[in-house]
Amino acid sequence: MSWHPQYRSSKFRHVYGKPASKENCYDSVPITRSVHDNHFCAVNPHFIAVVTECAGGGAFLVIPLHQTGKLDPHYPKVCGHRGNVLDIKWNPFNDFEIASCSEDATIKIWNIPKQLLTRNLTTYRKELIGHARRVGLVEWHPTTANILFSAGYDYKVMVWNLDTKDSVIAGPVKTINCHQDVILSMSFNTNGSLLATTCKDRKIRIVDPRLGIVLQEASYKGHRANKVLFLGSLKKLLSTGTSRWNNRQMALWDQENLSVPLTEEDLDGSSGVLFPFFDSDTSMLYIVGKGDGNIRYYEVSVEKPHLTYLTEYRSYNPQKGIGIMPKRGLDVSSCEIFRFYKLITTKSLIEPVSMIVPRRSESYQEDIYPPTAAAQPSLTAHEWLSGMNRGPIMMSLRPGSELLDSQTLPPERPLSNSMVQVSPQPLEPMKQPAEDGDQAPFSLLEEKLPKWTAEHHLGEKSCLTNGFDVFECSPPKTENELLQMFYRQQEEIRRLRELLIQREVQTKQLELEIKNLRMALGQL
Numbered sequence: 001m002s003w004h005p006q007y008r009s010s011k012f013r014h015v016y017g018k019p020a021s022k023e024n025c026y027d028s029v030p031i032t033r034s035v036h037d038n039h040f041c042a043v044n045p046h047f048i049a050v051v052t053e054c055a056g057g058g059a060f061l062v063i064p065l066h067q068t069g070k071l072d073p074h075y076p077k078v079c080g081h082r083g084n085v086l087d088i089k090w091n092p093f094n095d096f097e098i099a100s101c102s103e104d105a106t107i108k109i110w111n112i113p114k115q116l117l118t119r120n121l122t123t124y125r126k127e128l129i130g131h132a133r134r135v136g137l138v139e140w141h142p143t144t145a146n147i148l149f150s151a152g153y154d155y156k157v158m159v160w161n162l163d164t165k166d167s168v169i170a171g172p173v174k175t176i177n178c179h180q181d182v183i184l185s186m187s188f189n190t191n192g193s194l195l196a197t198t199c200k201d202r203k204i205r206i207v208d209p210r211l212g213i214v215l216q217e218a219s220y221k222g223h224r225a226n227k228v229l230f231l232g233s234l235k236k237l238l239s240t241g242t243s244r245w246n247n248r249q250m251a252l253w254d255q256e257n258l259s260v261p262l263t264e265e266d267l268d269g270s271s272g273v274l275f276p277f278f279d280s281d282t283s284m285l286y287i288v289g290k291g292d293g294n295i296r297y298y299e300v301s302v303e304k305p306h307l308t309y310l311t312e313y314r315s316y317n318p319q320k321g322i323g324i325m326p327k328r329g330l331d332v333s334s335c336e337i338f339r340f341y342k343l344i345t346t347k348s349l350i351e352p353v354s355m356i357v358p359r360r361s362e363s364y365q366e367d368i369y370p371p372t373a374a375a376q377p378s379l380t381a382h383e384w385l386s387g388m389n390r391g392p393i394m395m396s397l398r399p400g401s402e403l404l405d406s407q408t409l410p411p412e413r414p415l416s417n418s419m420v421q422v423s424p425q426p427l428e429p430m431k432q433p434a435e436d437g438d439q440a441p442f443s444l445l446e447e448k449l450p451k452w453t454a455e456h457h458l459g460e461k462s463c464l465t466n467g468f469d470v471f472e473c474s475p476p477k478t479e480n481e482l483l484q485m486f487y488r489q490q491e492e493i494r495r496l497r498e499l500l501i502q503r504e505v506q507t508k509q510l511e512l513e514i515k516n517l518r519m520a521l522g523q524l
């Protein structure tokens with residue numbers, strides 16, 4: 001019998017972590033000294049928010065993403081809580097709105113101005129009052145606008161509807177009372193119809209977020225879960241915690257059956273909490289340990305073995321917290337597929353770490369950038385509360401591209417306003433040829449006009465690159481930033497040339513059809 005070695009082919013086998021240079025880090029940042037097991041950092045394509053120390057209450061910093069280097073000691077803070085801030089989360093559909101929760105048992109919603117802060121921001125947009133004890137977690141709904149979840153030390157998960165004009169909301173629209181101890185983490189599935197939680201009783205629960213009913217509960221005693229995460233559309237859960245022998249451990253679960261994990265893997269004997277992050281576009285799992293300097297990453301598959309270890313990013317600088325950049329804020333010209341922001345308290349430093357797929361080509365790599373979730377909700381708060389579910393609206397990361405229709409939407413869903421915004425309707429240009437001439441043969445030309453009109457809309461929005469306006473971004477500070485901007489401009493020029501060639505071909509086709517129609521009318 002011949003022996004055949006089993007090699008696993010993967011385009012992400014050689015992914016490596018690339019830390020930012022000193023001038024591209026954020027230095028002299030007063031990072032919080034809280035011992036709460038949270039990320040303490042939230043990032044979007046415009047800002048990086050970090051929980052900081054503040055006398056007489058809680059505060060956090062909001063730093064423009066391009067403002068790297070040493071931070072001014074008197075840099076303005078966002079302060080208004082009477083207790084320490086425990087968690088912050090950016091609105092996934094509004095890059096200038098952020099939610100914060102605190103030990104003062106309140107949640108506050110803040111509007112961040114587009115211009116640079118010149119003084120402390122103390123005026124919040126909304127205040128949510130309902131928890132009896134401090135609030136440890138906040139989480140935005142992944143597909144619905146103005147729906148926020150919070151978890152407090154009163155063992156309750158509260159659902160808030162922010163679609164109201166009231167500045168103070170005195171009660172949630174729903175309270176989930178199924179937990180017997182402090183909630184440690186929350187995670188949504190892709191369309192937000194299920195909520196997974198871990199509790200201090202070390203149980204994993206899958207809850208219906210609208211009804212508050214526990215659908216599944218894990219009572220497996222061999223794994224004490226601390227954090228839990230839905231793995232995209234794979235219908236699986238991943239939890240991190242400790243084993244019976246207090247080793248740090250991660251476990252993979254079937255979403256439909258939480259009695260026994262599909263697989264368990266012991267990592268090491270350290271005591272820090274493990275934060276899991278999953279990239280549903282590449283099916284890559286990242287494990288970040290609090291107090292560690294390294295980042296492990298795996299590839300997740302439906303078939304056994306479900307978890308395939310790739311490699312590990314190593315660093316001597318331990319992280320207290322971590323932030324991640326949404327996919328729409330990545331640098332596709334350098335084949336960046338994920339980006340972390342490490343909070344290094346020993347150096348008062350925030351260090352970006354980019355996960356890079358090594359490629360020689362400088363063009364856009366379609367195979368490593370599938371359509372990803374866009375910054376646009378697919379449901380309103382009223383629609384979701386009434387029982388509707390809908391997957392996220394998708395977008396392409398190709399520079400200058402528009403939103404795509406979501407392929408995960410259920411076929412029976414009604415058409416919403418968000419979908420009208422996604423697909424521009426070129427109805428008025430189609431009517432113009434029929435009004436100019438009363439001749440029936442011009443109906444042949446009307447069939448070609450919608451495609452041209454859609455490309456016309458694409459040309460009007462060509463200044464958008466990866467979700468931001470290239471004309472509004474700050475000038476490049478380093479040679480690397482200058483090269484990145486150059487590559488973006490080259491890609492835009494190439495796309496415009498292709499569009500121009502298509503227009504010329506369409507113009508010639510229309511002229512030929514007009515000539516043929518005139519000859520046919522002349523013979524009649």
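First residue of the sequence shown? That's 1 in UniProt numbering, and the numbers climb one at a time after it.
Here a beta-carbon is modelled for each residue, glycine too, at the ideal position from N, C-alpha and C.
Check your understanding: Which partner residues of V505 appear in the DSSP bridge assignment?
Key -> V505 pairs with nothing; no bridge assigned.
Review point. I think V214 touches R205, with their Cβ atoms under 8 Å apart; what is that distance to the nearest whole Å?
Key: 5 Å
Practice item. Just mark residue 563 as buried or exposed, buried being the case when its beta carbon has 16 or more other beta carbons within 10 Å. Key: Residue 563 lies beyond the stretch modelled for the chain, which goes from 1 to 524, so this question has no answer here.
Practice item. Could you round the C-beta distance between L267 and L238 to whole angstroms and report it? I think they count as a contact, below 8 Å. Key: Contact between L267 and L238 does not hold, since their C-beta atoms are separated by about 13 Å, which reaches or exceeds 8 Å.
Practice item. Report the residue ranges of all beta strand (DSSP E) runs contained in full by the region 325-404; include only those spanning at least 3 residues, in chain order. Key: 336-344 and 349-356
Exercise for review: Please state if the CB of E312 and the CB of I337 are separated by a distance shorter than 8 Å.
Suggested key: no
Check your understanding: For K114, is the classification buried or exposed, using 16 other Cβ atoms within 10 angstroms of its Cβ as the cut-off for buried?
Key -> Exposed.
Exercise for review: Could you check what DSSP says for A520 in three-state terms: helix, strand or coil?
Suggested key: helix
Review point. Could you check where the beta strand (DSSP E) with G17 kicks off and where it finishes?
Key: Y16 to P19 is the extent of the beta strand (DSSP E) around G17.
Review point. Does the distance from the C-beta atom of V300 to that of K11 stay below 8 Å?
Key: no
Point to revise | Residues sharing a beta bridge with E53, DSSP | key: According to DSSP, E53 bridges with nothing at all.
**Study point:** Rounded separation between K508 and R497 - CA only
**Key:** 17 Å
Point to revise | Entirely enclosed beta strand (DSSP E) segments - the region 101-179, minimum 3 residues | key: 106-111, 126-129, 135-140, 147-152, 157-161 and 174-176
Exercise for review: Grab the span of the beta strand (DSSP E) containing R296 for me, first residue to last.
Suggested key: Note, R296: beta strand (DSSP E), I295 to V300.
Check your understanding: With C-beta atoms as the reference, is G391 less than 8 Å away from N191?
Key -> yes
Check your understanding: What did DSSP end up calling F40 once you bin it into helix, strand or coil?
Key -> coil
Review point. Thinking C-beta only, is G57 closer than 8 Å to H74?
Key: Against a cut-off of 8 Å, the Cβ pair of G57 and H74 comes out as no contact.
Review point. Between S34 and the rest of its own chain, which residues show a CB-CB distance below 8 Å, the 5 nearest in sequence each way excluded?
Key: The residues are F40, V51, N84 and L86.
Practice item. Excluding the 5 residues preceding and the 5 following K327 in the sequence, name in chain order all residues of the same chain whose CB lies nearer than 7 Å to its CB. Key: Cβ within range, chain order: D281, T372 and L397.
Check your understanding: Distance, Cα to Cα, M158 vs G232?
Key -> Between M158 and G232, the C-alpha separation is close to 23 Å.
Practice item. Kindly identify the DSSP beta-bridge partner or partners of N91. Key: N91 is bridged to N94.
Review point. Is the region 130-145 close to the region 115-122, with three or more CB pairs under 8 Å?
Key: Counting Cβ pairs under 8 Å, fewer than three are found: no touch.
**Study point:** Cβ distance (whole Å) where K227 is taken to contact P276 below 8 Å
**Key:** 6 Å
Point to revise | A381 vs T197 beta-carbon contact at 8 Å | key: Cβ distance not < 8 Å, so A381 and T197 don't count as in contact.
Check your understanding: Counting along the chain, where does the beta strand (DSSP E) carrying T190 start and finish?
Key -> That residue, T190, is in no beta strand (DSSP E); it is neither H nor E in DSSP.
Check your understanding: How big is the Cα-Cα spacing for H46 and E362?
Key -> 25 Å
**Study point:** C-alpha distance - E492 paired with I48, whole-angstrom precision
**Key:** Spanning the two alpha carbons is a distance of roughly 28 Å.
Point to revise | Option in R202, P352, V168 and P172 with minimal Cα separation from F69 | key: Sequence inspection shows Gly at residue 69; the Phe mentioned does not correspond to that position. The candidate whose alpha carbon is nearest that of G69 is P352.
Practice item. Look at the alpha carbon of K290 and the alpha carbon of S333, and state the distance between them as a whole number of angstroms. Key: 31 Å
Check your understanding: Could you check where the beta strand (DSSP E) with S239 kicks off and where it finishes?
Key -> S239: member of the beta strand (DSSP E) spanning K236 to S243, first to last residue.
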